[in-house]
Amino acid sequence: MEHLKMGRVLACVLMWLACVGMANAQSPQTIRKQVEASMLVTGSILIERDGSVSGLEVDQREKLPEVVASLVENSGPAWKFEPVLVNGEPRKVKARMSLFIVAKKLEDGAFRVGIRSGYFGKDAMTAEERLQEPDAIKRVEMKPPSYPMSALEKGARGTAYVVLKIGPDGKVMEAVVEQVNLRTIGDANEMKRMRSAFSRTTVTAAMKWLFSVPASDLLREQGFVSVRVPVDYEIVGNTLPTYGQWNAYIPGPREQIPWVQESAGAGDSPEAMLAGGLYEMGKGLRLLTPLGGEGS
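Under our numbering, the first residue of the sequence shown carries the number 269, and numbering increases by one thereafter.
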């Protein structure tokens, strides 16, 4: 029954987005294959000295669809992390988590729900929690990007995930938009233009941002730190889904960051970041096993 209830809710969410801009959109079949629904689930895990997970708790469980809460709770015990070292010794720790849950409609009408990506430890902290950390990068000047007129005229909405290369003086040396997810549908060319517009305004604004960067071994070694920032573009009068609600969107292609050498793993995606935060890359806990949890 819970699956049926979730299916009805998801069908409404996906149908709503599929109808937006239908006059200029691709075929209904193509649209159905593109549109996904997602939600961020946060909580905490207890990691043993050997890296195994002995406890998991999701935040505000009562607000989550039962199938989502169960998916996370059933997946957690199979995770294994690189042991957390304190003064060179493995320790049992409690850490924050942020998971990106995705639901996609199948051809038979059913929905496949899975955990696409996740962040653990410092990467999963809220903006407020991160500010309390002594080694946190803090914003000094972060004027929001202007809404691109071409996107505004089309009613385009979305989220741009930008990666910043920040020098010791806190200035942005480089900025690259890693991915743009849209909440508005058009044909392939229209959506490409929407993503380009959001990328341009994001990078233009980001190059003027200024931060306070604490000294660290990484900063001394490479001369910069890399930070991810999610930037929402939402038209006044519209509201984003709240915690526990599905968010319909069309995922964009993911771009390689030139100065980041290591390849991104399946669980390392900017989409699992909480809006409004600054996420220094490489600060989180390292998950050694797949996130898993594919269901329907």
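No residue lacks a Cβ here, since even glycine has one placed at the ideal position from N, Cα and C.
(message) Here's the rule: buried if 16 or more other CB atoms are within 10 angstroms of the residue's CB, otherwise exposed. What is residue 356?
(response) On the sequence shown, position 88 is the one that residue 356 refers to. It is exposed - the Cβ of residue 356 has fewer than 16 other Cβ atoms within 10 Å.
(request) Enumerate in chain order the residues of its own chain whose CB-to-CB distance from residue 479 is below 7 angstroms, with the five nearest sequence positions on each side excluded. (result) Counting from one through the sequence shown, the residue named residue 479 turns up at place 211. Cβ neighbours of residue 479 beyond the five flanking positions: 405, 406, 407, 408, 434 and 438.
(message) Since residue 471 and residue 445 should fall inside the 8 angstroms C-beta cutoff, what is the C-beta to C-beta distance between them, to a whole number of angstroms?
(response) Locating residue 471 in the sequence shown gives position 203, where the first residue counts as 1. Locating residue 445 in the sequence shown gives position 177, where the first residue counts as 1. About 6 angstroms; that satisfies the 8 angstroms criterion.
(message) Tell me the residue span of the alpha helix (DSSP H) that contains residue 422.
(response) Taking the sequence shown and counting its residues from 1, one reaches residue 422 at position 154. That run of the alpha helix (DSSP H) goes 417 to 422.
(message) Taking the alpha-carbon of residue 401 as reference, which of 312, 515 and 482 has the nearest alpha-carbon?
(response) What you label residue 401 is simply residue 133 of the sequence shown in a count that begins at 1. Answer by Cα proximity: 482.
(message) Across the stretch 303 to 318 and the stretch 350 to 367, are there enough close Cβ pairs to call them in contact, namely three or more that are closer than 8 angstroms?
(response) yes
(message) Quick check on DSSP: helix, strand or coil for residue 500?
(response) Mapped onto the sequence shown, residue 500 falls at position 232. Of the three classes helix, strand and coil, the one that applies to residue 500 here is strand, per DSSP.
(request) Compare the C-alpha of residue 330 against each of 511, 553, 529 and 522 and name the closest. (result) Counted from its first residue, the sequence shown places residue 330 at position 62. With distances taken between Cα atoms, residue 330 lies closest to 511.
(request) From the DSSP output, read off the bridge partner residues of residue 371. (result) Within the sequence shown, numbered from 1, the residue matching residue 371 stands at position 103. Residue 371 pairs with 305 and 381.
(message) Between 558, 559, 560 and 554, which has its C-alpha nearest residue 353's C-alpha?
(response) Counting from one through the sequence shown, the residue named residue 353 turns up at place 85. The candidate whose alpha carbon is nearest that of residue 353 is 554.
(message) I'd like to check one pair, residue 416 with residue 465: are the Cβ atoms closer than 8 angstroms?
(response) As a working note, residue 465 is residue 197 in the sequence shown. As a working note, residue 416 is residue 148 in the sequence shown. Contact flag set, yes.
(request) Alpha carbon to alpha carbon, how far is residue 396 from residue 368? Give it in angstroms, no decimals. (result) Taking the first residue of the sequence shown as 1, we reach residue 368 at position 100. Taking the first residue of the sequence shown as 1, we reach residue 396 at position 128. Their backbone Cα atoms lie some 20 angstroms apart in a straight line.
(message) If distances are taken between C-alpha atoms only, which option among 340, 333 and 522 comes closest to residue 325?
(response) Numbered from 1 along the sequence shown, position 57 holds the residue referred to as residue 325. Residue 340 is the option with its Cα nearest to residue 325.
(message) Using the three-state DSSP reduction, which class does residue 470 fall into: helix, strand or coil?
(response) For the purposes of this step, residue 470 is identified with residue 202 of the sequence shown, where counting begins at 1. Residue state, collapsed to three classes: helix.
(request) Give the C-beta separation of residue 381 and residue 306 to the nearest angstrom, bearing in mind that I take them to be a contact with Cβ-Cβ under 8 angstroms. (result) Working through the sequence shown from its first residue, we reach residue 381 at position 113. Working through the sequence shown from its first residue, we reach residue 306 at position 38. No, residue 381 and residue 306 are not in contact; Cβ-Cβ is about 10 angstroms, not under 8 angstroms.
(message) Below 8 angstroms on the Cβ atoms is my contact criterion, and I expect residue 422 with residue 452 to pass it. Report the Cβ-Cβ distance as a whole number of Å.
(response) Taking the sequence shown and counting its residues from 1, the one referred to as residue 422 is at position 154. Taking the sequence shown and counting its residues from 1, the one referred to as residue 452 is at position 184. Right, the Cβ-Cβ distance comes to about 7 angstroms (below 8 angstroms), so this counts as a contact.
(request) Tell me, please, which residues DSSP counts as bridged to residue 433. (result) Taking the sequence shown and counting its residues from 1, one reaches residue 433 at position 165. Paired residues: 442 and 494.
(message) Given a cut-off of 8 angstroms on the beta-carbon distance, is the pair residue 379 and residue 390 in contact?
(response) The sequence position of residue 379 within the sequence shown is 111, counting from 1. The sequence position of residue 390 within the sequence shown is 122, counting from 1. The answer is no: Cβ separation not under 8 angstroms.
(message) Our contact map puts residue 502 next to residue 425 with C-beta atoms below 8 angstroms; I'd like the distance itself, whole angstroms only.
(response) The residue given as residue 502 occupies position 234 in the sequence shown. The residue given as residue 425 occupies position 157 in the sequence shown. So it is a contact: roughly 6 angstroms between Cβ atoms.
(message) Which runs of the alpha helix (DSSP H) at least 4 residues long sit entirely within the stretch 310 to 354? Give them in chain order.
(response) 334 to 343
(request) Pull up the distance between the alpha-carbon of residue 489 and that of residue 540, whole angstroms please. (result) Within the sequence shown, residue 489 is the residue found at index 221, counting from 1. Within the sequence shown, residue 540 is the residue found at index 272, counting from 1. Looking at the two C-alpha atoms, the distance is approximately 28 angstroms.
(request) Can you check DSSP and say which residues form a bridge with residue 428? (result) Here residue 428 corresponds to residue number 160 of the sequence shown, with the count starting at 1. Partner(s): 448 and 499.
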